[in-house]
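Visitor:
There are 4 protein chains.
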Amino acid sequence: MHNMTSEMKACIDECLGCYQSCITTALQHCLIAGGKHVEPMHFRLMLACSEICRTSAHFILLGSEHHKHVCKECAELCEECANSCDEIGGMDDCANKCRECAASCRSMI
Amino acid sequence: MHNMTSEMKACIDECLGCYQSCITTALQHCLIAGGKHVEPMHFRLMLACSEICRTSAHFILLGSEHHKHVCKECAELCEECANSCDEIGGMDDCANKCRECAASCRSMI
Amino acid sequence: MHNMTSEMKACIDECLGCYQSCITTALQHCLIAGGKHVEPMHFRLMLACSEICRTSAHFILLGSEHHKHVCKECAELCEECANSCDEIGGMDDCANKCRECAASCRSMI
Amino acid sequence: MHNMTSEMKACIDECLGCYQSCITTALQHCLIAGGKHVEPMHFRLMLACSEICRTSAHFILLGSEHHKHVCKECAELCEECANSCDEIGGMDDCANKCRECAASCRSMI
C-alpha cells in the first residue's frame, strides 16, 4: 500500500468494520427481532449503509481520487443509519460503529 | 468482450437479471409484505442469491476460468431461492428468474 | 419493482451495462493491448468506474433515496472514464457506454 | 454477531485482509511495476481472488450455510494467487496473506 497514508488505512478499517456491523446486525439481529427492526426504512438503510461502506473502502484501496466523494456520501449514510439505530434502540454497538466510520470518512474529504 | 461465447453473454444477462429480481423482491416486496416474507431463512436466501449472482457475472466478465465453480454454486442457490419463493407464494416472477438463471449457470459448468 | 419509475429502470440498465463494458474492456482489451492501456491512471479509472456503476444500480434497486448522490458521483466518473478512453483511443464502445450512463445518472439527480 | 463462532470471525478477518492485499497489490504495485506484473493471467487472478474473498466474507456475515462452498472456492483461488505471486516474485506479503486466507477458508468447509 505505497501511497496510502495512515488516515487512509484507518478509514479502510472503519469502513470495513462498519460494513460488517451493519450487515450482521441487519441479518442476525433485526431479522430475528422483527417489528420495528424490519421496517422498510430502517432495514433498507442498514443495507445501503453496509454497501456504501464496502464501496468507500474499495475506492481508497483502488487509489482513486474519487474516494473523497464516496467517503462524503458514506459519512452521510452512516450518520443516518446511526440515528435510525438509536430511534429503534438495542443497537448501540452498530450506532457507535456508524458514528466512528462517519468521523473517519469526514477526515478523508 | 473478445473471447466471450454467446452462452457466456447469456449467462451474464441471466445472473444480472436474477440479482436484480432477488434484491428488489426482497427490499420492495418482502419487507413491505412482512410475515413469512421476512422470515430469516427466506430473506437471507434472497440476499445470498442476489450476491452470488452478482459475483457469478463478475467472474465471467473478469475472464476467470473459476467462473465455472462460481456458476455451479450460483445454480444451487438459485434453485433453493426459487423453492423458497414458491413455498411462501406470490413471488412467481422471482422464482422464474431464479430457475432461468440456474439453468444458464449449469450450462457454464 | 413497485415504486420504480421507467427512468429508474433505464438507469439501472445503463449502470449495469457500463459496469460490464468497463470491466471487460479493462480485463479483455487493456490488459492484452498493454502500453498506455495499462497506465495506472487509465486502468484505475476503468475499475473505479465499473465499481461505482455497480453500486449506483444497487442503490436504485435497494430503494434508497441516496441513489441520487451515488448517481451524481457515477456520472462524474463515467465522464472522466469516457475522456480517458478517448485519449488513449480504440475504446469507442466503452466511451459511448460511459457517456450514455452519465446522461442517465444525471437524470436521476 | 449472534451465532458466529470464533473460527467464523477469524475467517471474515482473513478474507477481508486478503481482499485488501490483492486489490492494493494489483493496483498500487503491479500496475506500476508493469512487465510480468500486468500479464493477463496474473492480474486477472489478483482481481478474481480479491472478489471471491469479499464474497466469502459476505456469505459468512449473511449467515448463509452456503458460505462453506464459497469458502472452498475462495481457498482454491487464494492458493493459485499465492503461487502466481511467488512465480513473478516481489509479492511475498500478498502470497502470505493468500495462504493464510486459504487455510482459514479450509477450516470452514
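Protein chains in written order, with numbering that gives the first Met the number 0: chain S, 0 to 108; chain L, 0 to 108; chain H, 0 to 108; chain R, 0 to 108.
Backbone N, C-alpha and C fix where the C-beta goes; we use that ideal spot for every residue, glycine too.
Within 8 Å (strictly less), CB to CB, does residue 149(L) reach chain R?
Guide: Outside the shown range of chain L (0 to 108) lies residue 149(L), about which nothing can therefore be said.
Visitor: Taking three-plus beta-carbon pairs below 8 Å as touching, is the region 48–57 of chain R in contact with the region 47–55 of chain H?
Guide: no
Visitor: Where do the ends of the alpha helix (DSSP H) carrying residue 96(L) lie?
Guide: 91–105
Visitor: I'd like to know if the region 0–14 of chain S and the region 55–64 of chain S are in contact, where contact means that at least 3 CB-CB pairs between them fall below 8 Å.
Guide: yes
Visitor: Use the C-beta contact count for residue 86(L): other C-beta atoms within 10 angstroms, 16 or more gives buried, fewer gives exposed.
Guide: exposed
Visitor: For residue 22(R), report the span of its alpha helix (DSSP H) as first-last.
Guide: 5–23
Visitor: Within 8 Å of any Cβ in chain S, is that where the Cβ of residue 26(L) sits?
Guide: yes
Visitor: With DSSP as the reference, label residue 83(S) as helix, strand or coil.
Guide: Correct three-state label for residue 83(S): helix.
Visitor: Span of the alpha helix (DSSP H) holding residue 55(R)?
Guide: 39–61
Visitor: Got a sec: is the Cβ-Cβ distance from residue 88(S) to anything in chain R below 8 Å?
Guide: no
Visitor: Which same chain residues end up closer than 6 Å to residue 93(H) when comparing Cβ atoms and leaving out the 5 residues on each side of it in sequence?
Guide: 20, 24, 84
Visitor: Can you tell me whether residue 108(L) is buried or exposed? The criterion is at least 16 other CB atoms within 10 Å of its CB, across all chains shown.
Guide: With fewer than 16 other Cβ atoms within 10 Å, it is exposed.
Visitor: Would residue 90(L) be called buried (16 or more neighbouring beta carbons within 10 Å of its own) or exposed?
Guide: buried
Visitor: Pull up the CB-CB distance for residue 14(S) and residue 56(S), whole angstroms please, since I reckon it's below 8 Å.
Guide: 4 Å
Visitor: So that I know if they touch, is there some Cβ in chain H lying closer than 8 Å to that of residue 50(S)?
Guide: yes
Visitor: Within the 8 Å Cβ cut-off, does residue 2(S) reach chain R?
Guide: Among the CB atoms of chain R, one or more fall inside 8 Å of the CB of residue 2(S).
Visitor: Using only alpha-carbon positions, find the residue among 58(L), 40(L), 79(L), 29(L) that is nearest to residue 76(R).
Guide: When only C-alpha atoms are compared, the closest one is 58(L).
Visitor: Measuring only the C-alpha atoms, how far is residue 41(S) from residue 33(L)?
Guide: The straight-line gap separating the alpha-carbon atoms of residue 41(S) and residue 33(L) is approximately 14 Å.
Visitor: Just to confirm, are residue 69(H) and residue 30(R) a CB contact at a threshold of 8 Å?
Guide: no
Visitor: Hey, is residue 101(L)'s beta-carbon within less than 8 Å of any beta-carbon in chain R?
Guide: no
Visitor: Could you name the residues of the same chain whose beta carbon sits closer than 7 Å to that of residue 9(H), not counting the 5 residues immediately before and after it, in chain order?
Guide: 103
Visitor: Assuming residue 16(S) and residue 100(S) are in contact, meaning their beta carbons sit under 8 Å apart, how far apart are those beta carbons, in whole angstroms?
Guide: 7 Å
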